[in-house]
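Undergrad:
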Amino acid sequence: MLFARSVGDVDPCYETQLGAEPGTALVTPPTFVAALDHFDPAGKTRPTLPRNEPGHGGRTDTVHAAQYFDYLAPLRVGDRIVVATFAGQAWTKEGMSGKLEFTETVTEYRNQDGHLLVRARKVSVRVSPPSEARG
């Protein structure tokens with residue numbers, strides 16, 4: 127599979143049916159779900175033109191803080207993947223430069239049979255400057 131080669135993964139389960147489990151389709155590399163968003167026309171990380179420089183995100187007070195993947199079953203070549211994204215947890219912490227507002231976005235990847243294969247959690251953090259009263 128070209129994707130596996132492009133990321134330098136040489137596990138034979140991605141290359142030939144001989145490397146896969148008997149009677150099953152080839153599996154996709156674990157990073158495949160991260161790449162899916164970049165090719166989804168509605169994906170927020172898909173590059174679009176025109177891009178507002180710098181940062182391209184339209185906001186300067188929010189950053190990507192963390193990404194987690196829970197792999198529950200392998201994605202296989204030929205699967206039809208259904209993606210659902212929804213809001214996860216939200217929390218705040220006080221930081222030295224102001225209040226930190228954390229938000230979690232959860233994305234679930236299911237196959238054509240409805241089986242949950244991967245759950246991804248992305249955490250973003252927004253910094254609110256300290257109030258004048260604190261200063």
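In terms of this note's numbering, the sequence shown opens at residue 127 and continues consecutively.
C-beta atoms are modelled at their ideal positions from N, C-alpha and C, and glycine is treated no differently.
#1: Give me, in chain order, the residues of the same chain whose beta-carbon lies closer than 8 Å to that of glycine 224; leave out the 5 immediate sequence neighbours on both sides.
#2: Which value, in whole angstroms, describes the spacing of the CA atoms of glycine 221 and serine 250?
#3: Measure how close the beta-carbons of alanine 216 and threonine 229 come, nearest whole angstrom, since I'm counting them as under 8 Å.
#4: Let me know if arginine 236 comes out buried or exposed under the rule of 16 or more other beta-carbons within 10 Å of its beta-carbon.
#5: Would DSSP call valine 159 helix, strand or coil?
#6: Taking the straight line between their C-alpha atoms, what separation do you get for valine 244 and tyrosine 197?
#7: Spatial neighbours of leucine 226 within its chain, please: CB distance less than 7 Å, with the 5 preceding and 5 following residues excluded, ordered by chain position.
TA: Taking the definition as stated:
#1: Val253, Ser254, Pro255, Pro256
#2: 15 Å
#3: 5 Å
#4: buried
#5: helix
#6: 5 Å
#7: In the same chain as leucine 226, and ignoring 5 residues on each side of it, the C-beta atoms closer than 7 Å to its own belong to Thr218, Lys219, Val251, Val253, in chain order.
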